[in-house]
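Asker:
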Amino acid sequence: MVSGIARPADWPGQPGCADLSSNPTLRDLSTIYVELVRGTPLLVQIFIFYFFIGTVMNLSREFAGIAALSLFTGAYVAEIIRSGVQSIARGQNEAARSLGLSAGQSMRHVVLPQALKRVLPPLAGQFISLVKDTSLVSVIAITELLKSGREVITTSFSPFEILFCVAGLYLLINLPLSKIASRLERRLAQSD
């Protein structure tokens, strides 16, 4: 442990934290998944999912797009949660265990509530980023906001106006998400 930050060995076998598990196979698979997904561009993952996995498994464009976005976001969310759990001092877990809580109860009632306060801002940012990343699925012919805008541009010949409208619509979607995250963050801060 360095300056109060717990390392994976400090949290053996916690449920729901594969990267923190004492099981080397589970931990290694989790690490490979996270590093593979975070180390490759989302656009390439969408193409691989649609043209390779989608054709082999006969998946629809929509399913392939949603699955690619889900796997991509899942890797980032896993890292955010892992770092939040590891940011909680080891003594918190030890204190809960000394009070007779099991490992699962300690994680659920002591560690995760504290970690949630720390991971809320990056999680909100990740989900806002996900909304914007949906524009990338237009490359596999899924009609979403950007693709609809491009279709309107071909008939109206007004690219700047349409693209500004599309940007405004993304902003209208993301502003409420940002406000909700801010309110939740303030509410959690008041509970301290």
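Taking the numbering used here, I'd label the letters of the sequence shown as residues -4 to 187.
Virtual Cβ for every residue (Gly too), placed ideally from N, Cα, C.
#1: Between THR35 and ILE168, what straight-line distance do the alpha-carbon atoms span, to the nearest angstrom?
#2: What's the C-alpha gap between PRO154 and LEU141?
#3: Secondary structure at SER55, three-state DSSP: helix, strand or coil?
#4: Taking a contact to mean a Cβ-Cβ separation below 8 Å, would you say LEU179 touches LEU115 in this structure?
#5: Less than 6 Å between C-beta atoms, sequence neighbours within five positions excluded: which residues of the same chain meet that for LEU38?
#6: What whole-angstrom Cβ distance do ALA196 and ALA176 have, given they're in contact under 8 Å?
#7: Quick check on LEU107: does DSSP put it in helix, strand or coil?
#8: Would THR150 and GLU139 be called neighbours here (beta carbons separated by less than 8 Å)?
Answerer: Straight from the coordinates:
#1: 27 Å
#2: 12 Å
#3: coil
#4: yes
#5: LEU131
#6: Residue 196 lies beyond the residue range present for the chain, which begins at -4 and ends at 187; the question has no answer from this structure.
#7: helix
#8: no
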